[in-house]
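One structure is given below, encoded as structure tokens.
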Amino acid sequence: MNHIEIGQQVTLAQFENTIFTVTKVHPDGSFTVETILHGQQTLSYENVAREMLRQVPA
């Protein structure tokens, strides 16, 4: 299992074509991720399990 940290780019299992940035690591091991949508709106998800994330290759 790869290490995920703040600032890293990831995709979510249900949004494989959208790149999110990890903005917070929670004590329980979950993450907060966000992305900017069209029109400069921010889409954010909190308490995302590690299993739902996939690292974007560098």
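Numbering (the UniProt record's numbering), first residue to last: 1 to 58. Just so it is clear, CB atoms sit at the ideal spot from N, CA and C, and this is done for glycine as well. Computed from a predicted structure; not experimentally measured.
Check, Outcome
"Using DSSP bridges, identify the partner residues of Ser44.", "Glu34"
"Which residue wins for smallest C-alpha separation from Leu12, given the options Pro57, Arg50, Ala58?", "Arg50"
"Classify Val56 as buried or exposed, calling it buried when 16 or more other Cβ atoms lie within 10 Å of its own Cβ.", "exposed"
"Could you check how far apart the C-beta atoms of Val10 and Arg54 are, in whole angstroms? I think they sit under 8 Å.", "6 Å"
"Answer yes or no: do Val33 and Thr21 have a C-beta to C-beta separation smaller than 8 Å?", "yes"
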